[in-house]
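> For the sequence shown, our numbering gives the first residue as 23, with consecutive numbering after it. The beta carbon of each residue, even a glycine, is placed where N, CA and C say it ideally should be.
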Amino acid sequence: MEIRDQQRVLSGFTARLLRKHFGKGPESVFVSVGDGIICIYLRELQTPVEKVLIENDQYSLLYETRDSLMAKCLPELREQIQEETGQHLPYFYYDWNMETNGGVIVAATEEFGSLPKDPDLQEVDEIVANVTKKTERLPDKVKSVRLNNRTLVIYRQGILVNIEKEIIRVGETKVLRRAKRSLERRALREAFDKNIQLLQGAAQEVFVDWAFEADRSMIVVIIDPKKMK
């Protein structure tokens, strides 16, 4: 099956899957397929109940609910991805931006981080490494992959400091994830806004998620190539 056909099929499947579990599907789904990785960008997914939670500043409950729903969605999505693309992508990352009503789901192989780096994106790797050094520590590995002109995916490994590892050990990952999401998004956004030419467009949205137990992280930058300063 051609990549465009894979993207079309996975887009429709994801919309139906989220509608089944969330009670409302996203208004738009954009699927990007790469070697060892698939990124799904979602727009306008919030349900009426979630909008009420946001109005009442109950973000913790909102994220907990979505985590529970995604736990039901991901096994089905993993199976469908393998059926349509032939790729076994067991590792998932996802993040939501409640202010823009956007979100991403990333599926990757365990070997993705070991694939060769793109020399054209070395400067992006360096920017992300420097941002991570300021907020946590210098990563053991950073690798950026441009799936298309609107989707940049950045893999990091070895970023946690000892206090974060202890927080994870005692099971307080929800608080850690929320704090890191706010801190890292802000720092990354500031860095990307200063490097529009390097990104070949403006950073429209920035998403971040972590696999804490494996000390890995995935960043997704949604780029607007029409906005160049």
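Which runs of the alpha helix (DSSP H) at least 4 residues long sit entirely within the segment 31-116? Give them in chain order.
Whole alpha helix (DSSP H) segments, 4+ residues: 70-77 and 81-107.
> What residue range is occupied by the uninterrupted beta strand (DSSP E) comprising residue 168?
Its beta strand (DSSP E) spans residues 163-170.
> Going by alpha carbons, who is nearest to residue 90 out of 170, 40 and 178?
Comparing Cα-Cα distances from residue 90 to each of 170, 40 and 178, the minimum goes to 40.
> Does residue 206 pass the burial test, meaning 16 or more other C-beta atoms within 10 Å, or should it be called exposed?
Under this definition residue 206 is a buried residue.
> Rounded to the nearest angstrom, how far is the Cβ of residue 212 from that of residue 119, given a contact under 8 Å?
Actually they do not touch by this definition, with Cβ atoms about 16 Å apart.
> Quick one: what does DSSP say residue 238 is sitting in, helix, strand or coil?
Strand at residue 238.
> Measuring straight from C-alpha to C-alpha, what distance separates residue 50 and residue 122?
Rounded to the nearest angstrom, the two C-alpha atoms are 13 Å apart.
> Taking only the alpha-carbon atoms, compute the straight-line gap between residue 59 and residue 79 and give it to the nearest angstrom.
Roughly 34 Å separates the two Cα atoms.
> To the nearest angstrom, report how far apart residue 183 and residue 230 are at their CA atoms.
Going by the C-alpha atoms only, they are around 17 Å apart.
> What's the call for residue 27, buried or exposed, on a 16-neighbour Cβ count within 10 Å?
Exposed, since its Cβ has fewer than 16 Cβ neighbours within 10 Å.
> Would a C-beta distance cut-off of 8 Å place residue 165 and residue 135 closer than the cut-off?
Yes. Within cutoff.
> Is residue 127 buried or exposed, if buried means 16 or more other CB atoms sit within 10 Å of its CB?
Under this definition residue 127 is a buried residue.
> Less than 6 Å between C-beta atoms, sequence neighbours within five positions excluded: which residues of the same chain meet that for residue 173?
Within the same chain, residue 173 has close Cβ partners 54 and 61.
> Shortest alpha-carbon distance to residue 130 belongs to which of 124, 157 and 96?
For residue 130, the nearest C-alpha among the options comes from 96.
> Looking only at C-alpha atoms, which of 209, 185, 208 and 210 sits nearest to residue 198?
With distances taken between Cα atoms, residue 198 lies closest to 185.
> Quick one: Cα of residue 237 to Cα of residue 248, how far?
Looking at the two C-alpha atoms, the distance is approximately 35 Å.
> Is residue 144 buried or exposed, if buried means 16 or more other CB atoms sit within 10 Å of its CB?
By the 10 Å Cβ count, residue 144 comes out exposed.
> For residue 204 and residue 117, what's the separation of their Cα atoms in angstroms?
Each residue's alpha carbon lies about 12 Å from the other.
> With 16 other CB atoms within 10 Å as the buried threshold, where does residue 106 fall?
Result: buried.
> Taking Cβ positions, are residue 72 and residue 84 nearer each other than 8 Å?
The answer is yes: Cβ separation under 8 Å.
> To the nearest angstrom, how far is the alpha carbon of residue 244 from that of residue 225?
Distance between the alpha carbons of residue 244 and residue 225 is about 6 Å.
> Does the beta-carbon of residue 141 have 16 or more other beta-carbons within 10 angstroms, so that it is buried, or is it exposed?
Exposed is the call here.
> Is the beta carbon of residue 38 closer than 8 Å to that of residue 45?
Their beta carbons are not under 8 Å apart, which means residue 45 does not touch residue 38 by this criterion.
> Could you give the DSSP three-state label for residue 173: helix, strand or coil?
Note: residue 173 maps to strand in three-state DSSP.
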